[in-house]
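K.L.:
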Amino acid sequence: MSPALFLLCMELFSRLINSEFNFHPKCEKLKIAHLLFADNLMLFSRGDLPSVHILMNTSRSLGTFSALPSIPQNLASLRQCLLVTDYSPVVDRIVNYISKWTAKSLSFVGRLELISSVIQGIECFWLQCFPLPAAIVYEIHRLCRNFLLSSKKAPVAWEEICHAKEEGGLGIRHIQSWNVAVLA
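Residue numbers are given in numbering that gives the first Met the number 0: position 24 of the sequence shown equals residue 23, and the series is strictly consecutive.
1) How about the region 115-134 and the region 161-172: do they share at least three Cβ pairs that are nearer than 8 Å?
2) In angstroms with no decimal places, state the Cα-to-Cα distance between residue 75 and residue 28.
3) For the pair the region 47-55 and the region 81-97, tell me if three or more CB-CB distances fall below 8 Å.
4) Residue 135: buried (16+ other C-beta within 10 angstroms of its C-beta) or exposed?
5) Look at residue 181 and residue 132 and say whether their C-beta atoms are less than 7 Å apart.
6) Using a 10 Å radius around the Cβ and a threshold of 16 neighbouring Cβ atoms, would you call residue 3 buried or exposed?
7) Could you name the residues that DSSP lists as bridge partners for residue 34?
8) Measuring CB to CB, does residue 12 end up less than 7 Å from residue 61?
9) Suppose you measure from the CA of residue 51 to the CA of residue 20; what does that come to, to the nearest Å?
10) Terminal residues of the continuous alpha helix (DSSP H) containing residue 109?
11) How is residue 100 classed by DSSP in three states: helix, strand or coil?
12) Thinking C-beta only, is residue 126 closer than 7 Å to residue 177?
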């Protein structure tokens, strides 16, 4: 699609969003509902049901007028509340990485570094986008704890391990605290 045609379609999209739309709190002052870049569209809303319906209906209308693809019907991030099963990709990726690493051949420091760099890198995206349920936080902590300690009995509580090195911990971020901080 030509850039000019894309811009015309996006101008129509901008005009179709009506006054009932509730802006995202961080975009309300400037009244930003969407951003356009090249051939991409990023939508911002408060996340309440009327705003999501407006975006979905406007997207469908734009799709019928322009033959552009509209937002998928089953987009999990548009649900009021994500289910624990919606978080299975993050747990599956962590399990996949840990199963490839052999804990027996790695030193304690090596396992700690893999958790700090790789596993917490995987968590980073999810933590910035979604509040993780307690069951997922517990499962990720369990996987990391078992990998770090080679399934031995823990000499200290996981919460103590998650403290900063200056506070006597190992510098691993506590997922729940980190999640609250990045979503604030």
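Glycine included, every Cβ here is placed at the ideal spot set by N, Cα and C.
P.N.:
On the basis of the coordinates in this document:
1) With a cut-off of 8 Å on Cβ pairs, the region 115-134 is in contact with the region 161-172, counting three or more such pairs.
2) Reliability fails at residue 75, whose pLDDT of 45 lies under 50, so the model's placement of it is uncertain and the value that follows must be treated cautiously. It is roughly 28 Å from the alpha-carbon of residue 75 to the alpha-carbon of residue 28.
3) The answer is no - the region 81-97 does not touch the region 47-55, with fewer than three Cβ pairs under 8 Å.
4) So residue 135 ends up on the buried side.
5) No.
6) With fewer than 16 other beta carbons inside 10 angstroms of its own, residue 3 counts as exposed.
7) For residue 34, which the question treats as bridged, DSSP gives the partners 41.
8) Against a cut-off of 7 Å, the Cβ pair of residue 61 and residue 12 comes out as a contact.
9) One C-alpha to the other measures close to 9 Å.
10) Residue 109: member of the alpha helix (DSSP H) spanning 107-113, first to last residue.
11) In this structure, residue 100 counts as coil in the three-state DSSP scheme.
12) Contact: yes.
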